[in-house]
Amino acid sequence: MPTRIATWNVNSLRQRLEHLKAFTDSHQPDVLCLQETKVQDSEFPEDDIKSMGYETVLFHGQKSYNGVAILCRNSISSSNRKVWCDKDDRRHLMVTLPNGIQVHNFYVPSGGPVPDPEQNDKFAHKLSFLEEMIAWAAEPSIRKEKVILVGDLNVAPLETDVWNHKKLLKSVGHTPQESGLMARLKAAGDFTDVGRHFVPPEQPLYSWWGYRYKLSFAKDYGWRLDHILATEALRPHLKHFEVVKDTRSWEKPSDHVPNLVDLDL
DNA sequence: ATGCCGTATCTAATACGA
Numbered sequence: 001m002p003t004r005i006a007t008w009n010v011n012s013l014r015q016r017l018e019h020l021k022a023f024t025d026s027h028q029p030d031v032l033c034l035q036e037t038k039v040q041d042s043e044f045p046e047d048d049i050k051s052m053g054y055e056t057v058l059f060h061g062q063k064s065y066n067g068v069a070i071l072c073r074n075s076i077s078s079s080n081r082k083v084w085c086d087k088d089d090r091r092h093l094m095v096t097l098p099n100g101i102q103v104h105n106f107y108v109p110s111g112g113p114v115p116d117p118e119q120n121d122k123f124a125h126k127l128s129f130l131e132e133m134i135a136w137a138a139e140p141s142i143r144k145e146k147v148i149l150v151g152d153l154n155v156a157p158l159e160t161d162v163w164n165h166k167k168l169l170k171s172v173g174h175t176p177q178e179s180g181l182m183a184r185l186k187a188a189g190d191f192t193d194v195g196r197h198f199v200p201p202e203q204p205l206y207s208w209w210g211y212r213y214k215l216s217f218a219k220d221y222g223w224r225l226d227h228i229l230a231t232e233a234l235r236p237h238l239k240h241f242e243v244v245k246d247t248r249s250w251e252k253p254s255d256h257v258p259n260l261v262d263l264d265l
């Protein structure tokens with residue numbers, strides 16, 4: 001039996017419980033990493049999630065913004081979290097599975113509207129966050145181990161990761177500066193970009209369609225902001241990858257859709 | 001025209017997303 005690991009920015013967990021139930025029933029991930037849970041830990045709907053078949057439910061959230069969770073079908077060996085950019089803003093959580101795989105769940109800052117760190121503190125924060133991830137990924141305890149990094153990284157690095165490359169080059173999430181940081185992250189951890197391992201870069205691949213323009217999904221004006229990266233030790237074990245695009249057509253959807261990978265371990 | 005929405009919060013107007 002392969003191990004199935006999925007990631008989904010749900011844009012409010014409590015608003016998306018029905019969708020979560022439908023997705024877990026249909027796709028049966030063994031490990032599901034969530035971002036933008038937007039719920040403080042004391043309000044986390046732990047019983048609802050356990051009734052979906054998840055024995056181990058870890059969460060690290062706050063009121064209104066950010067927040068991450070990891071749902072595991074079975075037991076785990078350990079879990080941890082790390083503070084990034086000296087901010088206690090609930091953007092990371094990790095578990096070590098009994099088979100030794102580390103699963104790291106990230107919600108990278110979106111970066112605000114203007115791609116200039118001098119004018120926009122949120123963009124400066126995003127750049128610092130990605131720099132910290134690069135330094136972390138280069139540590140032997142990550143690079144040399146069996147590590148899966150997933151989450152909403154808020155960068156669409158390749159030309160075919162956005163619906164209009166030329167038009168969006170100066171938009172936060174697709175600037176050359178951010179794409180360069182993603183390339184450095186990949187190199188630092190010796191990571192395989194799992195999405196692009198299975199879907200060649202010639203082919204458009206998206207995981208997010210904005211709410212603001214009502215026809216964004218109908219017209220396929222998408223971005224690939226959600227990612228799965230796997231270290232070299234796991235590369236031979238990658239068996240299947242999927243973007244579960246149909247969740248975006250459900251009633252009152254998240255603006256992001258799930259990505260999942262199967263590993264034969 | 002991703003300027004047009006969705007979610008959360010001190011339930012009213014604002015912050016935030018990317």
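Residue numbers (UniProt numbering): 1 to 265. Think of the CB as a built atom: it goes at the ideal place given N, C-alpha and C, for glycine as much as any other residue. Just so we're clear, the structure is a prediction, and the values are computed from it rather than from any experiment.
#1: Please state the DSSP three-state secondary structure of L181.
#2: Mapping DSSP to helix, strand and coil, what is Q40?
#3: If we ignore side chains and look at the alpha-carbon of each, how far apart do P253 and R235 end up?
#4: Candidates T3, D226 and E46: which alpha carbon is nearest L13's?
#5: Whole angstroms are fine: how far does the CA of P204 sit from the CA of residue 266?
#6: Give the secondary structure of L130 by DSSP, where H, G and I count as helix, E and B as strand, and everything else as coil.
#7: Which class does L32 belong to by DSSP, given the choice of helix, strand or coil?
#8: Report, in whole angstroms, the separation of the C-beta atoms of H240 and V261, which I expect to be a contact under 8 Å.
#9: Thinking C-alpha only, which one of D86, L225, R91 and L97 is nearest F59?
#10: With a cut-off of 8 Å on the beta carbons, I'd call Q35 and V68 a contact; round off their distance for me.
#11: Compare the beta carbon distance of G189 and L229 with 8 Å and say whether it is the shorter of the two.
#12: Could you pull the start and end residues of the alpha helix (DSSP H) that H165 belongs to?
#13: Would you mind reading off the limits of the alpha helix (DSSP H) that contains D25?
#14: By Cβ distance below 6 Å, which residues in the same chain neighbour K126 in space, the five residues on each side in sequence not counted?
#15: Which residues mark the beginning and the end of the beta strand (DSSP E) in which V68 is found?
#16: Give every residue of the same chain whose Cβ lies closer than 6 Å to the Cβ of V95, excluding the five residues on either side of it in the sequence, and list them in chain order.
#17: Report yes or no: do the region 132 to 145 and the region 115 to 123 share at least 3 C-beta pairs separated by less than 8 Å?
#18: Tell me, to the nearest whole angstrom, how far the beta carbon of V150 is from that of C72; I am working on the premise that it is less than 8 Å.
#19: Could you give the distance in angstroms between the alpha-carbon of N66 and the alpha-carbon of D88?
#20: Quick one: is F186 buried, meaning 16 or more other Cβ sit within 10 Å of its Cβ, or exposed?
#21: Quick one: is K38 buried, meaning 16 or more other Cβ sit within 10 Å of its Cβ, or exposed?
#22: Report, in whole angstroms, the separation of the C-beta atoms of H256 and N99, which I expect to be a contact under 8 Å.
Judging by the given coordinates:
#1: L181: helix per DSSP, three-state reduction.
#2: The answer is coil: DSSP assigns Q40 none of H, G, I, E or B.
#3: So the two alpha carbons sit approximately 32 Å from each other.
#4: When T3, D226 and E46 are compared, the shortest CA-CA separation from L13 is found for E46.
#5: Examination of residue 266 is not possible in this model, given that the chain is present from 1 through 265 alone.
#6: In the three-state scheme derived from DSSP, where H, G and I count as helix and E and B as strand, L130 is classed as helix.
#7: Residue state, collapsed to three classes: strand.
#8: Cβ atoms of H240 and V261 come within 8 Å of each other, at about 7 Å.
#9: Among D86, L225, R91 and L97, the Cα nearest to that of F59 belongs to R91.
#10: Indeed they touch by this definition, with Cβ atoms about 6 Å apart.
#11: The Cβ atoms of G189 and L229 sit closer than 8 Å to each other.
#12: Membership of H165 in the alpha helix (DSSP H) is indicated by the continuous run H165 to L168.
#13: Counting along the chain, the alpha helix (DSSP H) containing D25 begins and ends at L17 to H27.
#14: Around K126: P109 and G111.
#15: DSSP places V68 inside the beta strand (DSSP E), whose first and last residues are V68 to C72.
#16: So the qualifying residues of the chain are I70, I76, S79 and V103.
#17: With a cut-off of 8 Å on Cβ pairs, the region 132 to 145 is not in contact with the region 115 to 123, counting fewer than three such pairs.
#18: About 13 Å separates the two Cβ atoms, so there is no contact after all.
#19: Going by the C-alpha atoms only, they are around 11 Å apart.
#20: It is Lys, not Phe, that sits at residue 186 in the sequence shown. Buried is the call here.
#21: Buried, since its Cβ has 16 or more Cβ neighbours within 10 Å.
#22: Taking the Cβ atoms as the reference, H256 lies roughly 28 Å from N99, outside the contact range of under 8 Å.
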